[in-house]
Amino acid sequence: MKFGREAVNQSESDDTREEVREMAEALSLYRSAMHHLAEREAARPFAAEPRPARTLRLRLILAPALTAAVAAGVLVPVYSHFHHRPTTVTDARNAQPGPADVRANVDDTVLMNQIDSELSEDVPDALRPLADPSDPGTNSSSVLEKKDVAKE
Amino acid sequence: MEEIAGNELAIEKREQAMLELADFDEVVRVYRPRILRFLLSSLTDRDAAEALTQECFMKAWSARHQFRGDSSLSTWLTRIAVNLMRDHLRSRSLRFWQKTRGAALDVMDISDWIPDGRSSPESITVARDRVAAVWSAVKELSAHQRTVFVLRFVEEMELEEIASTIGMNLSTVKSHLYRALAVIRERMGEEK
Chain A
19 MKFGREAVNQ SESDDTREEV REMAEALSLY RSAMHHLAER EAARPFAAEP RPARTLRLRL
79 ILAPALTAAV AAGVLVPVYS HFHHRPTTVT DARNAQPGPA DVRANVDDTV LMNQIDSELS
139 EDVPDALRPL ADPSDPGTNS SSVLEKKDVA KE
Chain B
74 MEEIAGNELA IEKREQAMLE LADFDEVVRV YRPRILRFLL SSLTDRDAAE ALTQECFMKA
134 WSARHQFRGD SSLSTWLTRI AVNLMRDHLR SRSLRFWQKT RGAALDVMDI SDWIPDGRSS
194 PESITVARDR VAAVWSAVKE LSAHQRTVFV LRFVEEMELE EIASTIGMNL STVKSHLYRA
254 LAVIRERMGE EK
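Residue numbers (our numbering), protein chains in the order written: chain A, 19 to 170; chain B, 74 to 265.
Laid out in C-alpha cells, this is it:
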C-alpha cells in the first residue's frame, strides 16, 4: 500500500497514462477515418479541372481590361448616337468644303469651261474647212465665181 | 565491409526506384491514393485535393528525368505535393475575395465510417466524437504544423523522412509536431 506523496505521484502517473492512451486512440481513429474518406474520394469521379495559379492570375488581370474594352465599345456608340446634332440647311451652307469637295469642284469647273468654250467658239476662219460643204453661201469657189460674173 | 554492403543496398534501392518510375501508369495507380489522402487531410477541400493530386503527377511526369533515386519514389512525390500545396495556400491567401473553399470537407463526411472493432452504437458515437475533436483541432494548426502532423499520424512517416520531404531540420520537425500535439491535447481536454 502506498501513502502520501508516493500515492499522489502514482495517481498522476495513471492519469497521464490514461490521457496518453486516449490521445493515441484518438489519433488512430483519426487516421482510420482519413483513410476511409480518401478511399471514398478516390473512387468518386473527378469533375473539376485543374487551374494553374498563373492562369488564374492572368485571368484576374485580363478580366477587368476586357470588361472595360467591351463597355467602351458599347457606350461610345450609344453616347454618340444620342448626342449627335442633326445637320441643318444653314450648316450645310456654312460648311467649308473638304479636300474631296474641292477636287470635285475643280473637275466640274474644268468641264464647264470646256463646254462653254466649245459652245461660244468664233466663226471659223478662211483656212478652216467648212463645217457644212452643202451650204452654197459658205462655198468659197462659188463666191469667187459670183464676183467674176458681176465684173463682166 | 558494412560500408560496401550499405552502398550496394543504396544502389539497389535507387535502381529499384528508377525501374518503378519507368512504368508511370503503375506509379499513378499505386501512389495516387496516398497523395490524395495527404492533400485531402491537409486541405480538407475535395476539389483542391483532386486538382493538386493531378498536378502532382503531371509535374512528376515532366520531371521524371530529374529523379535520381536519392529518396524513395513516395518521398519524392510527397515532396512535390507539399510544394504544390504551399503554392496553393499562398495563392489562396492572395485571392481572398474569391470563393476559396469550393468543396470543403466536413466532419459529417465521415458519417458512413464505422471504426474497426466497434459494433455498439455508443462506442461508434464515442469514436466519431473523438475524431471530430481531432478534426477541429487540426484545422486550427498552422500550415507547417498540419503538414508535419498529417505526415506523421496519417501517413505514418518517420521523422527523418518528414524532415527530408519538407526540407526542414529534424529538430524543427519535432518542434512543429510537439506544438501540434499540444494543441490537439488541449482541444481534446476541452471536449471532455
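All C-beta atoms in this analysis are idealised placements derived from N, C-alpha and C, irrespective of residue type, glycine included.
For residue i, the nearest candidate out of the options (CA to CA)
i, options, result
"E99/B", "H217/B, F130/B, P194/B and E85/B", "F130/B"
"Q218/B", "L254/B, P106/B, A205/B and R141/B", "L254/B"
"G142/B", "S164/B, I84/B, V246/B and V256/B", "I84/B"
"A122/B", "A90/B, W149/B, H161/B and M91/B", "H161/B"
"V221/B", "L109/B, N242/B, W186/B and V204/B", "N242/B"
"A61/A", "L109/B, F140/B and S115/B", "L109/B"
"H54/A", "K247/B, E259/B, W149/B and R201/B", "R201/B"
"S115/B", "A177/B, I183/B and W186/B", "A177/B"
"I153/B", "I235/B, T198/B and A206/B", "I235/B"
"S209/B", "E195/B, A95/B, V256/B and Q139/B", "V256/B"
"H138/B", "R119/B, R102/B and E93/B", "E93/B"
"S46/A", "E213/B, F226/B, S196/B and I183/B", "F226/B"
"V223/B", "Y104/B, M91/B, R102/B and L113/B", "L113/B"
"S196/B", "A44/A, D33/A, S31/A and T34/A", "A44/A"
Secondary structure of residue i, DSSP reduced to three states
i, result
"D73/B", "Residue 73/B lies beyond the residue range present for chain B, which begins at 74 and ends at 265; the question has no answer from this structure."
"G240/B", "coil"
"M230/B", "coil"
"I257/B", "helix"
"I187/B", "coil"
"L113/B", "helix"
"D182/B", "helix"
"L214/B", "coil"
"A136/B", "coil"
"S31/A", "helix"
"S192/B", "coil"
"R102/B", "helix"
"R159/B", "helix"
"D202/B", "helix"
"R49/A", "helix"
"D125/A", "helix"
Strand pairing of residue i, partner residues [DSSP]
i, result
"A266/B", "In this structure chain B extends from 74 to 265, so residue 266/B is not present and cannot be described."
"A177/B", "D118/B"
Per-residue contacts from residue i into chain B (C-beta, under 9 Å)
i, result
"L55/A", "R110, L113, S114, L178, D182, I183 and W186"
"A83/A", "Those do not exist, as A83/A stays about 18 Å from chain B at its closest Cβ, beyond 9 Å."
Any chain A beta carbon closer than 7 Å to residue i
i, result
"I197/B", "no"
"V207/B", "yes"
"A200/B", "yes"
"F222/B", "no"
"V204/B", "yes"
"V103/B", "no"
"P194/B", "no"
"V155/B", "no"
"V100/B", "no"
Within chain A, the residues that residue i reaches when beta carbons sit closer than 8 Å
i, result
"D189/B", "S50"
"F130/B", "What F130/B touches in chain A: nothing, since even the nearest Cβ is about 11 Å away."
"M261/B", "E40, M41 and A44"
"R258/B", "E37 and M41"
Residue i: contacting residues in chain A (beta-carbon distance under 7 Å)
i, result
"F97/B", "Simply none; closest approach about 18 Å."
"R119/B", "E59"
"V227/B", "R49 and M52"
Closer than 7 Å to chain B by CB, residue i
i, result
"A61/A", "no"
"A66/A", "With a pLDDT of only 46 at A66/A, under the threshold of 50, the placement of this residue in the model should not be trusted; the figure read from the coordinates follows. Chain B contact via Cβ: present."
Worksheet item: What residues in the region 24–53 of chain A have a beta carbon less than 8 Å from any beta carbon of chain D?
Response: Among the protein chains of the structure shown, namely A and B, there is no chain D.
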